[in-house]
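Residue numbers (the numbering used here), protein chains in the order written: chain Y, 9 to 151; chain A, 9 to 151.
Number of protein chains: 2
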Amino acid sequence: MERQLSSVEKLKEKIEEIKVAMMVTVEPNGALRSRPMATRLLDAEGNLWFFTNEFSGKVNEIMNDHDVNLSYSHPDKQKYVSISGKANLIVDKEKMKQLWNPILKAWFPDGLEDPNLALLKVRIIHGEYWDDTASKVSQFVKI
Amino acid sequence: MERQLSSVEKLKEKIEEIKVAMMVTVEPNGALRSRPMATRLLDAEGNLWFFTNEFSGKVNEIMNDHDVNLSYSHPDKQKYVSISGKANLIVDKEKMKQLWNPILKAWFPDGLEDPNLALLKVRIIHGEYWDDTASKVSQFVKI
Ligand SMILES: Cc1cc2nc3c(=O)[nH]c(=O)nc-3n(C[C@H](O)[C@H](O)[C@H](O)COP(=O)(O)O)c2cc1C
Numbered sequence: 009m010e011r012q013l014s015s016v017e018k019l020k021e022k023i024e025e026i027k028v029a030m031m032v033t034v035e036p037n038g039a040l041r042s043r044p045m046a047t048r049l050l051d052a053e054g055n056l057w058f059f060t061n062e063f064s065g066k067v068n069e070i071m072n073d074h075d076v077n078l079s080y081s082h083p084d085k086q087k088y089v090s091i092s093g094k095a096n097l098i099v100d101k102e103k104m105k106q107l108w109n110p111i112l113k114a115w116f117p118d119g120l121e122d123p124n125l126a127l128l129k130v131r132i133i134h135g136e137y138w139d140d141t142a143s144k145v146s147q148f149v150k151i
Numbered sequence: 009m010e011r012q013l014s015s016v017e018k019l020k021e022k023i024e025e026i027k028v029a030m031m032v033t034v035e036p037n038g039a040l041r042s043r044p045m046a047t048r049l050l051d052a053e054g055n056l057w058f059f060t061n062e063f064s065g066k067v068n069e070i071m072n073d074h075d076v077n078l079s080y081s082h083p084d085k086q087k088y089v090s091i092s093g094k095a096n097l098i099v100d101k102e103k104m105k106q107l108w109n110p111i112l113k114a115w116f117p118d119g120l121e122d123p124n125l126a127l128l129k130v131r132i133i134h135g136e137y138w139d140d141t142a143s144k145v146s147q148f149v150k151i
């Protein structure tokens, strides 16, 4: 448990200043697509939470294959994080209220009133990070 | 042909200031992994070139499934690019000489003398980019 918590905390520190992940999903034909996603929460159990439209392409792709990759990268700071996880669609009004942030209005102008608003919960299976270009070996975060 | 060239040029402009892509590959169990990779060239035919160790994890993964995603992201500039492509391992001494850059010594200390040095050529199938967080709709680069 100790180890589990500290892994989450380490990861939190890494992604905190990046926030926007590129979320990669698998299309039915096997092609890999990504799009920027604003991270709303990394919870103590090692799940990452995002807002989504319930009827978006990525949700379709996730229904077909739950595997996702989240990459957080910041070339100027030479910080790179790769997270392999399983994504699930969650429709939970309470949780949405808790995680809502006005900045999300850019993508969801109707906010919490949007009937198609939903959450994506990504259970982290495996994480790696790179801190500077000189390090050849990546370090691990196993949750 | 005109259109093709201009798509490549548009893409070049987008990724030029980012350079380091997160390259996502598919593991045999379906998990998606990514790692930072220094882009060496976007050629006129719409292929992206990278150096790799011939016996690395990513090459194994690509042998099993050629689909990759390359995401270029720059949070401070709010620039994000997603490229879906097919990767192939290329062993070509001439091409390696042409694309080599001393900066790669960080990962390949023996440089062009490294017997396991090889290239990854990613044929771009589809590209999308986002220029600022306010734009909900992504634009397309089809090569
Ligand atoms: C900024 C940066 C650029 C990198 N560029 C390359 C590269 O061009 N080629 C490469 O093989 N590894 C590169 N690496 C190391 C890879 O990210 C990775 O750790 C290594 O290739 C092993 O990956 P694999 O085990 O998944 O195959 C780079 C690392 C960093 C931090």
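Ideal Cβ placement from N, Cα and C applies to all residues, glycine included.
Keep in mind it's a predicted model, so treat the numbers as computed, not measured.
Please name the residue in K105/Y, V32/Y, S79/Y, E25/Y whose C-alpha comes closest to that of D122/Y.
-> Here residue 122/Y is taken as the residue at index 114 of the first sequence, counted from 1. Checking every option, the nearest Cα to that of D122/Y belongs to K105/Y.
Is S3/Y near G54/Y, with beta carbons less than 9 Å apart?
-> No answer is possible for residue 3/Y: the residues shown for chain Y start at 9 and end at 151.
Answer yes or no: does any C-beta atom of chain Y fall closer than 9 Å to that of K144/A?
-> Numbered from its first residue, the second sequence carries residue 144/A at position 136. Residue confidence for K144/A is low, a pLDDT of 41 falling below 50, so the modelled location carries little weight and cannot support an answer.
Please classify L127/A: is it buried, with 16 or more other beta-carbons within 10 angstroms of its beta-carbon, or exposed?
-> The sequence position of residue 127/A within the second sequence is 119, counting from 1. Buried is the call here.
Under 9 Å between C-beta atoms, does D118/Y make it to chain A?
-> Stepping through the first sequence from its first residue, residue 118/Y is reached at position 110. By this cut-off, D118/Y is not an interface position.
Report yes or no: is there a C-beta of chain A within less than 9 Å of the C-beta of S42/Y?
-> Here residue 42/Y corresponds to residue number 34 of the first sequence, with the count starting at 1. Answer yes: the Cβ-Cβ gap between S42/Y and chain A drops below 9 Å somewhere.
With hydrogens ignored, establish whether the beta-carbon of L56/A is closer than 8 Å to any heavy atom of ligand 1.
-> Here residue 56/A refers to the residue found at position 48 when the second sequence is read from its first residue. No - ligand 1 has no heavy atom lying nearer than 8 Å to the Cβ of L56/A.
Can we say the segment 71 to 89 of chain A touches the segment 131 to 140 of chain Y, given the rule of at least three CB pairs closer than 8 Å?
-> no
Residues of chain A with CB under 7 Å from V99/Y, in chain order?
-> Within the first sequence, residue 99/Y is the residue found at index 91, counting from 1. Here the premise fails: no neighbours, minimum Cβ distance about 21 Å.
Closest to K22/A by CA distance: which of K94/A, A39/A, T47/A is it?
-> Position 14 of the second sequence, counted from the start, is the residue given in the question as residue 22/A. The shortest C-alpha separation from K22/A is found at T47/A.
Cα-Cα separation between L50/A and G65/A, rounded to whole angstroms | As a working mapping, residue 50/A is identified with position 42 in the second sequence. As a working mapping, residue 65/A is identified with position 57 in the second sequence. Taking the straight line joining both Cα atoms gives about 23 Å.
Proximal residues to K144/A (C-beta, below 7 Å), its chain only, five neighbours per side dropped | As a working note, residue 144/A is residue 136 in the second sequence. With a pLDDT of 41 at K144/A, under the threshold of 50, the modelled position of that residue is not reliable, and the figure given next carries that caveat. Excluding residues within five positions, none has a Cβ falling inside 7 Å.
Roughly how many angstroms lie between the CA atoms of E136/Y and M45/A, to the nearest whole one?
-> For the purposes of this step, residue 136/Y is identified with residue 128 of the first sequence, where counting begins at 1. For the purposes of this step, residue 45/A is identified with residue 37 of the second sequence, where counting begins at 1. Rounded to whole angstroms, E136/Y to M45/A spans 14 Å at the Cα level.
Residues of chain A with CB under 8 Å from W138/Y, in chain order?
-> Taking the first residue of the first sequence as 1, we reach residue 138/Y at position 130. Correct list: R43, P44.
Give, in chain order, every unbroken run of the beta strand (DSSP E) that is at least 3 residues long and sits entirely within the segment 20 to 93 of chain A.
-> 28 to 34, 40 to 46, 55 to 61, 75 to 82
Does the beta-carbon of G93/A have 16 or more other beta-carbons within 10 angstroms, so that it is buried, or is it exposed?
-> For this step, residue 93/A is matched to residue 85 along the second sequence. Classification for G93/A: buried.
Can E62/Y and L107/Y be called in contact, C-beta distance under 9 Å?
-> The residue given as residue 62/Y occupies position 54 in the first sequence. The residue given as residue 107/Y occupies position 99 in the first sequence. It is not a contact, given that the beta carbons lie outside the stated cut-off.
Is P44/A near ligand 2, with its Cβ less than 8 Å from a heavy atom?
-> With respect to ligand 2, the structure offers nothing, as its ligand set consists of ligand 1.
Check V99/Y in the structure and name its three-state DSSP category.
-> The residue given as residue 99/Y occupies position 91 in the first sequence. Three-state DSSP puts V99/Y in coil, outside helix and strand.
With 9 Å set as the bound, which would you pick, yes or no: does the beta-carbon of K27/A sit closer than that to a beta-carbon of chain Y?
-> On the second sequence, position 19 is the one that residue 27/A refers to. With a threshold of 9 Å between beta carbons, K27/A makes contact with chain Y.
Please classify V32/Y: is it buried, with 16 or more other beta-carbons within 10 angstroms of its beta-carbon, or exposed?
-> For the purposes of this step, residue 32/Y is identified with residue 24 of the first sequence, where counting begins at 1. It counts as buried.
Tell me A154/Y's beta-bridge partners as DSSP assigns them.
-> In the structure as shown, chain Y starts at 9 and stops at 151, and residue 154/Y therefore has no counterpart that could be examined.
Does A126/Y come within less than 9 Å of chain A when only Cβ atoms are used?
-> Taking the first residue of the first sequence as position 1, residue 126/Y is located at position 118. So, not an interface residue.
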